[in-house]
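Number of protein chains: 2
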Amino acid sequence: MPENKVGLLGGGVIGGGWAARFALNGWNVNLYDPDPEAKRKVDAVLTNARSAYGKLVRAPLPTEGQVTVVSSIEEMTDGVSFIQESAPERLELKQSLLMEVDKYAPSNVVIGSSTSGLLPSKLQDGMTHPERLVVGHPFNPVYLLPLVEIVPGNKSASWALESAANTYTALGMKPLLLKKEVDGFVADRLLEALWREALWLVNDGVATMSEVDDAIRFGAGLRWSFMGTMLTYRIAGGEGGMRHFMSQFGPALQWPWTHLMDVPELTEGFLDKLEAQSDTQAGGASIRELEALRDDCLVSVIHGLAGQNYASGEVLNKYEETLKSNPNI
Amino acid sequence: MPENKVGLLGGGVIGGGWAARFALNGWNVNLYDPDPEAKRKVDAVLTNARSAYGKLVRAPLPTEGQVTVVSSIEEMTDGVSFIQESAPERLELKQSLLMEVDKYAPSNVVIGSSTSGLLPSKLQDGMTHPERLVVGHPFNPVYLLPLVEIVPGNKSASWALESAANTYTALGMKPLLLKKEVDGFVADRLLEALWREALWLVNDGVATMSEVDDAIRFGAGLRWSFMGTMLTYRIAGGEGGMRHFMSQFGPALQWPWTHLMDVPELTEGFLDKLEAQSDTQAGGASIRELEALRDDCLVSVIHGLAGQNYASGEVLNKYEETLKSNPNI
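So the protein lines, in turn, are chains U and H. Each residue of the first sequence is one higher than the one before, counting from 813 in our numbering. Each residue of the second sequence is one higher than the one before, counting from 813 in our numbering.
Pasting the structure below:
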């Protein structure tokens, strides 16, 4: 039987994804969510994740941990060595939940918060042991995407940051430890900038939602699966490197190529347009079908990169080495 | 011998990429570039592209076309059925070159411009046959990435847009026909919004260039290789779909998650920082090595998606069908 046990607070898309990632990596899971449907929802995510892992990981998997849906925060903390909070994105709610977790969990148990943009220093307000709270922000689907942003609050202890990084790494993830906290952290600031501009293009009738997506996935998106903007632009600079690239393309930053500060008004008419275009784009596929397509494509892309031993392929390869060297397998 | 011949104006990274894509798809190429090094540079791109195609396309390739570097624009237009302009990104220069092409090329020969953001209506200014000018904006590496944005100017004829789309499709590309012209078109507006925010994160010391890249390639970038932001967010909305997603996350568009309107000042100090971080990130790899890594990863990712017959994998699969059904192979 697995020896590690994690406590999860919240069983939505993100919390369920954490349950799957921990369980498939051999951790027992205590999960608390006031939603009476939590068990069913988490089981659905686990089913998807099991199928994806069956295709993704070629090494034998550890014995799957047990996911137990418990009925209180106190029970959730019982015997766990790590806690991950994935409650709805409301500061006061998260603060009150964290204060309650703080009451029951021994002070050496690290708490990672899945918040996608709330500042950890604010989450620490009111905690008795704020030093053990760090942000550990994952990406959907949590059981497949390696990235997790670790963000320190003012009071986060270095041992807590290190422990969180070690835990996430052991789950086959790629922790990115940020130097300081900033609203939206790194990844969501980048995504939000792109999304804001995408909404304008649809609002202004320059492109449909499908076309906006095509403009990414048939072009830069293919590169982004393994190489970010910065290294790509270094290559574009040729032998002159980054400084040459900046001298060529830096001035374009000032050109009127984005709406920037503005945000399109979310009128009923615009929301109708988005809904209709999204339905057209999905072409009748259900969310379950789209999730399965997404997961299959992710597995294929990560496998491809594993062949190159680069980017997320490296994470997968390391993952398999970890599994192979684990005597419990 | 191939029967199709294309005229290329400009033999830099983009022009050379076009030469490779056309030649490897069985077109003869006339290429004009005043740079005395043009032949050597284009040959280098062709070598990379041949290697990448050898790995990418499993069907037999057509007989490779001949690339001839010619010494005048008049000569470049000789016997060609399509022209692609990839001169430096200066409006007056492009206008004067296009006027000269206009003098020599028969009026039914379509001209595609590789401009990454200049409005086609402005490029048409002064042309005798502006109706045959369209933007055909590709992405680097041109011989591998399928996306090409086709943008109409005020005077572009529908037959010219259609002909350009057919030509690009025959080259294994994915044409995206925009409804109207707008500075930066679609893809570069999205890329520029993300890049501007990325520069701020480096400028403000929140993350290094490597970390910014990691925040993309281990997370959303993996998804973007086959699925854009819009469909991803539909899935995130669950059964409630796009409207539910907007009600949950629309308000965040107003949050201070981006610098937005501001552009970081490109001071010497900031440029030094970018140059140093870029060198660190490259870890001593040369541009040639980075290009080879990029191409190998792209081939792996596209192959993976071909297994799912989705996104760029579909383009590759169609490509192979086209090649298989081509009696000239």
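All C-beta atoms, glycine included, are put in the ideal place defined by N, C-alpha and C. These figures come from a predicted structure and were not determined experimentally.
For H:Pro964, the nearest beta carbon of chain U is not closer than 7 Å to its own beta carbon. Legend: CB atoms of the region 929-941 of chain U lying less than 8 Å from CB atoms of chain H belong to residues Gly929.
If you check each beta-carbon in the region 882-896 of chain H against every beta-carbon of chain U, none falls closer than 9 Å. Counting the other CB atoms within 10 Å of its CB gives H:Pro848 a total below 16, which places it among the exposed residues. Using a C-beta cut-off of 8 Å, the region 903-918 of chain H makes no contact with the region 985-1001 of chain U, since fewer than three inter-stretch Cβ pairs fall below that distance. The alpha-carbon of U:Ala1032 is positioned some 8 Å away from that of H:Ser1037. Flagged as an interface residue toward chain H: U:Trp1007, by a C-beta distance shorter than 7 Å.
With fewer than 16 neighbouring CB atoms inside 10 Å of its own CB, U:Ser883 falls in the exposed class. Interface with chain U (7 Å Cβ-Cβ cutoff): H:Glu1087 is included.
At least one beta carbon of chain U lies nearer than 7 Å to the beta carbon of H:Pro958.
Under the three-state reduction of DSSP output, U:Thr880 falls in the strand class. For H:Ile923, the closest C-alpha among the options H:Gly1119, H:Ala832, H:Gly824 and H:Gly965 is that of H:Gly965. Selection H:Pro932, H:Gly984 and H:Asp1091 evaluated against H:Ala835 yields H:Gly984 as nearest (Cα-Cα). Pairing U:Val825 with H:Ser926, the inter-Cα distance amounts to about 42 Å. Separation of H:Thr1134 and H:Asn952 (C-alpha to C-alpha, rounded to the nearest whole angstrom) is 23 Å. In terms of Cβ geometry, U:Met1042 and H:Val1024 form a close pair [threshold 7 Å].
In the structure shown, the three-state DSSP call for H:Tyr1122 is coil. Closest in alpha carbon position to U:Trp839, among U:Gly822, U:Leu820 and U:Gly877, is U:Gly877. Put simply, the backbone Cα of H:Gly1040 is about 7 Å away from that of U:Asp1026. For H:Thr1041, the nearest beta carbon of chain U is closer than 7 Å to its own beta carbon. With three or more CB-CB distances shorter than 8 Å, the region 1102-1111 of chain U counts as touching the region 853-871 of chain U.
Taking a contact to require three or more Cβ pairs closer than 8 Å, the region 1093-1105 of chain U and the region 1092-1107 of chain H do not qualify as touching. Chain-ordered listing is empty here: chain H has no CB closer than 7 Å to the CB of U:Asp845, the nearest sitting near 15 Å. Inclusion of U:Ala899 and U:Gly822 in the CB contact set at 7 Å is warranted, their separation being smaller than that value. Comparing alpha carbon positions, the residue from U:Asn842, U:Pro874, U:Pro872 and U:Ala856 closest to U:Phe894 is U:Asn842.
H:Leu956 sits in coil when the DSSP states are folded into three classes, being neither helix nor strand.
In this structure, U:Leu903 lies away from U:Leu873, with their beta-carbon atoms at least 7 Å apart. Contacts between H:Leu1002 and chain U, judged by CB atoms closer than 7 Å, involve Leu1006, Glu1009, Ala1010, Ala1027 and Ile1028 in chain order. A straight line joining the alpha-carbon of U:Glu897 with that of H:Gly1125 spans about 38 Å.
Taken in chain order, the complete beta strand (DSSP E) segments of 3 or more residues contained in the region 885-918 of chain U are 894-897. Taking 8 Å as the upper bound on Cβ-Cβ separation, chain U lies near residues Val825 of the region 818-843 of chain H. Interface annotation, U:Ser1037: in contact with chain H, CB-CB separation under 7 Å. Within 10 angstroms of the beta-carbon of H:Trp1007 lie 16 or more other beta-carbons, which makes it buried. For U:Asp1108, the nearest beta carbon of chain H is closer than 7 Å to its own beta carbon. A distance below 7 Å separates the beta carbons of U:Glu961 and U:Leu988. Straight-line spacing of the CA atoms in H:Thr1079 and U:Tyr844 works out to 51 Å.
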